[in-house]
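*Asks:* I'd like to ask you about the structure that follows.
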Amino acid sequence: MRWSQTLIPTMKETPEGAEIPSHVLMLRAGLASQLMAGAYTYLPLGLRALRKAERIVREEMDRAGAIELHMPALTPIQLWQRTGRVDAFGNVLIQFQVKRQNRQVHLALGPTHEEVVTDLVARYVSSYRQLPLTLYQIQTKFRNEERPRFGVLRTSEFLMKDAYSFDTSLDGLNTSYDKMYRAYCRIFDRCGLDYLAVEAESGPIGGDASHEFMVLADNGEDSVVHCAGCGYAANLERAEVGPRGQSAGAAANAALTKVDTPRAGSIEAVSKMLGCRPSEMIKTLIYSADENPVAVLLRGDHEANEGKIRRALGAAKVELAAPEVIAQATGAPVGFAGPVGLKIPIWADHDVTDMTAAVVGANADDAHFTGAVRGRDFEVGQFADLRNAGDGDPCPRCGGALALRHAIEVGHVFKLGTKYSEALSARFLDEKEQLHPAIMGCYGIGVNRIIAALIETKHDENGVVWPMSLAPYEVLLAPLNVNQQDVMGAANQLYDELTRAGVEVLMDDRDQRPGVKFKDADLIGVPLRVVVGGRSLKDGQLELKWRWKGEAETIPLAGAAAAIAALVQAERDLAHATTRDQ
RNA sequence: CGGGGCGUGGCGCAGUCUGGCUAGCGCGUCUGGUUUGGGACCAGAAGGUCGGAGGUUCAAAUCCUCUCGCCCCGACCA
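Going by the numbering used here, the first residue of the first sequence is number 428, and it counts up by one from there.
Set out below in C-alpha cells:
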C-alpha cells in the first residue's frame, strides 16, 4: 500500500481527553478514531492490526478443534428471559422494541452468546454421539457500559471471540477446557503479550474452574496478586490469603473500656477520634447469609470479600444486612456493631486471630470499646479467609509476599456447568438412553483488547512498537525524496518485488521531508523500516532498521528484496517458535 | 448515578475571573518559491453560528438559567 492512497491520519499532538498510552497512540498513530464515548472507528491501519489478531485467534481455535460459526447480534428478548439474564445484565443489556407489521418485537443486542448457542445446540444436538462439540465465533458484542473509559479498553461495542464447549461429562469438560486454555496461551504468546493466567472466581462448579488471562499494565482496570517467588497468580476476588504465622500474642492486659464516639460510625472516623490505627480496630460486618444474620470480623484496614464469605459459610446468597436487621441483631444503628455480647454466629478473618486489645463497636449508639480481647471479651465461632488480598500479604503457596498489580483482562475461560443447558433444554441421550443436560464451558477473548494491551505495554516514547505478528504492515518503505528519480525508481522496484514476495509493505510516498517520515515511521511502529535515500543510495546501499532496535544497518540494493523477505519470514517464524505450549 | 474537569477553524491551545472595535496563536491544509537523512524556510490564502437554547445588557466567547457532549475519580461490570 502506498501511504498517499490510504488514510493514515497521524497526529503530532495528543488529542484532548486521551490519557493512557494505548488511547493516545491509537489516536496519534491513526489507528482509530472516536465516534462517541465507548465507540471507535477502526481506521485502515488499526483494522489491519485487528484482523491480524483475529487471524491468530482463528488459527489457534481451529487448531484446538473448535468449530467456527456466526450467530446474530440481534436476539429475541425471550431468550434472555428464559435464563433470567435480563435482570442479571440489567442496564448493560441493550434492548429495544421495533414495529413489525402490527406487532411490537422486543429485541436485545447480544452482550455474550451463551443463550443463543445453547438454544442452537438444543435444536440440533440430541445424542452423546454428537459430543463433545466446541463452537466459536468472532463477532461484535454490545454492552451498555455505565462508564466506557480508557479509550478502546472499555467500550460499549467490541469484537469478541466467544467459544462454547458442550460435553457429556465433567471429565470431558475438563479436557475441552484444557484445550482452550492451551490455545489461549498460544494466542497471547503469538501476539507478543506478556500475560498471566490467573485463577478467577469459580462459580457453581467450584475448584479450578475459571482463569483470566491478564496483561500487567498500570492502567489496567483489574487487579491481580502475583507472587514473584513461586509464580502464584490470582485475581483480587479469588486470591487466597493464608493464615500468618501466629505471633506469641501480646499480653492481654488492657481492660475493656467503653468510650463515647459520637457520630463516628466508620473505621476512618473512629480511628481519627480515638487516635488509633485502622489495623488496631476490628471491623464487624453484619451479613445476611440465606436470610440469617451473621457477623464477620475483619481487621479494620481490610476489605471484605463476599465471594469468600459465601463459600466459607456455605451459603447460596450473601449480602450486607439491611439496617433493620443490623439494628435488631446488635441493638445499635449501622456503624457501631461489635462482637462483644453479640448473639449471632461470629466468623472472623485469619488476621483477627492475633489482635489483642482491639477497638470494636459497642453495639450501642455512638459508643465503641477499646481493649477488646478475644477469648475474654468475645468468642469467635470460626476463622477463615474472608477478605481481599492486598499488597504484601503472604502467598498461599510459598509464604512469600504477594504483589498487587493492575492488569488488563484479555481473555477468560470458565467452566459453566449446566446452568444454560438446563434452562434452555440442551440435553443429550447417553448410551444408556438417559437424558442429561450438556456440560458447558465458555471461553472469551476481547480482540480489541489484544491490540490495546499490546500498545499499552509495548510502546516507547516515540510510538507503537508492533510485534511482527500484529503489525498492520511488516515493512515500511521510505523513499526520502520522492522527487529524486533514482530514489523513487529504486523504491518503486523494491515495493513491487517485496509485494510480489508476499511481504506486507507500506510505502511512504508522501512528498515530505525525511524528518516527518522518520517520526511517523516510529509513531506507527511498523517493525522493519527500509530507507531509500540519496546518502546510502549513491553507494548502492539501503538502510534497514528494526523498530525495537537502536541501530540501523545497511544492505546492498542489489538483491535487497530477497534479503528483506527472508528477514521478515524469520521474524514471522520467531513468534510461532516462542509460544509456551509446543 | 455521586464528585471533579473541559467544550473557541481539522489538531493543540490563549482569550472568560474584570463584557467593548474586525476572536487570536502554534501545527496542519491550499498556492508560489527555496529546500531535502530526524516533525524546514519565505510569501500569500482558505477555514470559526466561540457545543446548543434561552435570558441580562447599548454591547456576550466572556455574566445568569437550562441543556447536550467529552474526559477523569468513585459506584457498577454476565
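Cβ coordinates follow ideal geometry from the N, Cα and C atoms, glycine included.
Mapping the DSSP letters down to three states, classify histidine 777 as helix, strand or coil.
*Replies:* If DSSP states are grouped into helix, strand and coil, histidine 777 belongs with the helices.
*Asks:* Report buried or exposed for proline 821, applying the criterion of at least 16 other Cβ atoms within 10 angstroms of its Cβ.
*Replies:* Classification for proline 821: buried.
*Asks:* Alpha carbon to alpha carbon, what distance is there between aspartate 1000 and glycine 457?
*Replies:* In a straight line, the C-alpha of glycine 457 is about 28 Å away from that of aspartate 1000.
*Asks:* Within the chosen definition, does the region 429 to 443 reach the region 863 to 882 through at least 3 CB pairs nearer than 8 Å?
*Replies:* They do not touch, by the three-pair rule.
*Asks:* Between which two residues does the beta strand (DSSP E) holding aspartate 687 run?
*Replies:* 684 to 687 is the extent of the beta strand (DSSP E) around aspartate 687.
*Asks:* Could you check whether serine 848 and alanine 834 sit closer than 7 Å to each other, using their CB atoms as the reference points?
*Replies:* No, these two residues do not count as a Cβ contact at 7 Å.
*Asks:* Using DSSP with H/G/I as helix, E/B as strand and the rest coil, what is isoleucine 494?
*Replies:* Strand.
*Asks:* What are the boundary residues of the alpha helix (DSSP H) that histidine 1003 is part of?
*Replies:* Where histidine 1003 is concerned, the enclosing alpha helix (DSSP H) stretches over 987 to 1004.
*Asks:* Provide the residue span of the alpha helix (DSSP H) that contains proline 640, from first to last.
*Replies:* The residue you asked about is not proline; residue 640 is phenylalanine in the sequence shown. Looking at the DSSP string, phenylalanine 640 is not in any alpha helix (DSSP H); the run it does join, the beta strand (DSSP E), is 637 to 643.
*Asks:* Can you find at least 3 beta carbon pairs, one from the region 477 to 497 and one from the region 598 to 614, that sit closer than 8 Å?
*Replies:* Yes, since at least three Cβ pairs between the region 477 to 497 and the region 598 to 614 fall closer than 8 Å, the two stretches touch.
*Asks:* Name the two residues that bound the continuous alpha helix (DSSP H) containing phenylalanine 855.
*Replies:* Segment 854 to 856 is the beta strand (DSSP E) holding phenylalanine 855; no alpha helix (DSSP H) there.
*Asks:* Rounded to a whole number of angstroms, what is the C-alpha to C-alpha distance between phenylalanine 805 and leucine 462?
*Replies:* Between phenylalanine 805 and leucine 462, the C-alpha separation is close to 59 Å.
*Asks:* Tell me which residue opens and which closes the alpha helix (DSSP H) that methionine 867 is part of.
*Replies:* No alpha helix (DSSP H) holds methionine 867; the beta strand (DSSP E) holding it covers 866 to 873.
*Asks:* Measure from the alpha carbon of glycine 977 to the alpha carbon of each residue in Val892, Arg803 and Ala691, then state which is nearest.
*Replies:* Of the candidates Val892, Arg803 and Ala691, the one whose C-alpha sits nearest the C-alpha of glycine 977 is Val892.
*Asks:* Less than 7 Å separating the beta-carbons of threonine 684 and valine 697?
*Replies:* Going by C-beta atoms, threonine 684 is not nearer than 7 Å to valine 697.
*Asks:* For the candidate residues Ile773, Ala743, Ala1002 and His795, whose alpha-carbon lies nearest to that of alanine 759?
*Replies:* Out of Ile773, Ala743, Ala1002 and His795, His795 has the C-alpha closest to the C-alpha of alanine 759.
*Asks:* From lysine 568 to glycine 599, what does the alpha carbon distance come to, in whole angstroms?
*Replies:* In a straight line, the C-alpha of lysine 568 is about 28 Å away from that of glycine 599.
*Asks:* Can you find the residues in the same chain that come closer than 8 Å, C-beta to C-beta, to tryptophan 507, ignoring five residues on each side of it along the sequence?
*Replies:* Cβ within range, chain order: Val513, Phe516, Leu520, Ala535 and Glu542.
*Asks:* Check this for me: beta carbons of glycine 871 and lysine 842, under 7 Å apart or not?
*Replies:* Not a contact, by the Cβ cut-off of 7 Å.
*Asks:* If we count Cβ pairs, one from each stretch, closer than 8 Å, do we get three or more for the region 797 to 814 versus the region 641 to 660?
*Replies:* These segments do not touch.
*Asks:* Grab the span of the beta strand (DSSP E) containing leucine 725 for me, first residue to last.
*Replies:* Start and end: 719 to 726.
*Asks:* Return yes when the Cβ of tyrosine 611 is within less than 7 Å of the Cβ of glycine 838, no when it is not.
*Replies:* Cβ atoms of glycine 838 and tyrosine 611: closer than 7 Å.
*Asks:* What does the alpha-carbon distance come out to for the pair methionine 587 and glycine 873?
*Replies:* Roughly 5 Å between the two C-alpha positions.
*Asks:* Taking 8 Å as the threshold, find out whether the region 755 to 770 comes into contact with the region 710 to 730 through three or more Cβ pairs.
*Replies:* Verdict: yes, contact present.
*Asks:* On the three-pair Cβ rule with 8 Å, is the region 854 to 864 touching the region 912 to 928?
*Replies:* The region 854 to 864, when compared against the region 912 to 928, does not touch it at the 8 Å Cβ threshold.
*Asks:* Would you mind working out which of Val745, Val953 and Glu486 sits nearest isoleucine 713, comparing C-alpha positions?
*Replies:* Cα-wise, what sits closest to isoleucine 713 is Val745.
*Asks:* Is the beta carbon of alanine 789 closer than 7 Å to that of alanine 799?
*Replies:* Not in contact: alanine 799 and alanine 789 (Cβ atoms no closer than 7 Å).
*Asks:* In three-state terms, what does DSSP make of aspartate 887?
*Replies:* Correct three-state label for aspartate 887: strand.
*Asks:* Counting C-beta neighbours from all protein chains within 10 Å, is the total for serine 554 16 or more, i.e. buried, or is it exposed?
*Replies:* Classification for serine 554: exposed.
*Asks:* Exposed or buried, alanine 675, counting other C-beta atoms within 10 Å across all chains shown (16 or more means buried)?
*Replies:* Here the model assigns alanine 675 a pLDDT of 48, short of 50, so the residue's position is not dependable, and the following value carries that caveat. By the 10 Å Cβ count, alanine 675 comes out exposed.
*Asks:* Less than 6 Å separating the Cβ of leucine 663 from some heavy atom of the ligand ZN?
*Replies:* No copy of the ligand ZN appears in this structure; indeed no ligand is present at all.
*Asks:* Over the uninterrupted beta strand (DSSP E) stretch that includes lysine 588, give me the two end residues.
*Replies:* Per DSSP, lysine 588 belongs to the beta strand (DSSP E) from 584 to 594.
*Asks:* What does the alpha-carbon distance come out to for the pair alanine 742 and tyrosine 469?
*Replies:* Each residue's Cα considered, the two are about 46 Å apart.
*Asks:* How is alanine 675 classed by DSSP in three states: helix, strand or coil?
*Replies:* Any reading at alanine 675 needs caution, since the residue's pLDDT is 48, under 50, leaving its predicted position unreliable; the model's value is listed next. If DSSP states are grouped into helix, strand and coil, alanine 675 belongs with coil.
*Asks:* From Glu883, Arg671, Ala636 and Pro670, pick the residue whose C-alpha is nearest to that of alanine 661; which is it?
*Replies:* If we check each option's Cα against that of alanine 661, Ala636 comes out closest.
*Asks:* Using a 10 Å radius around the Cβ and a threshold of 16 neighbouring Cβ atoms, would you call aspartate 594 buried or exposed?
*Replies:* Aspartate 594 should be labelled buried.
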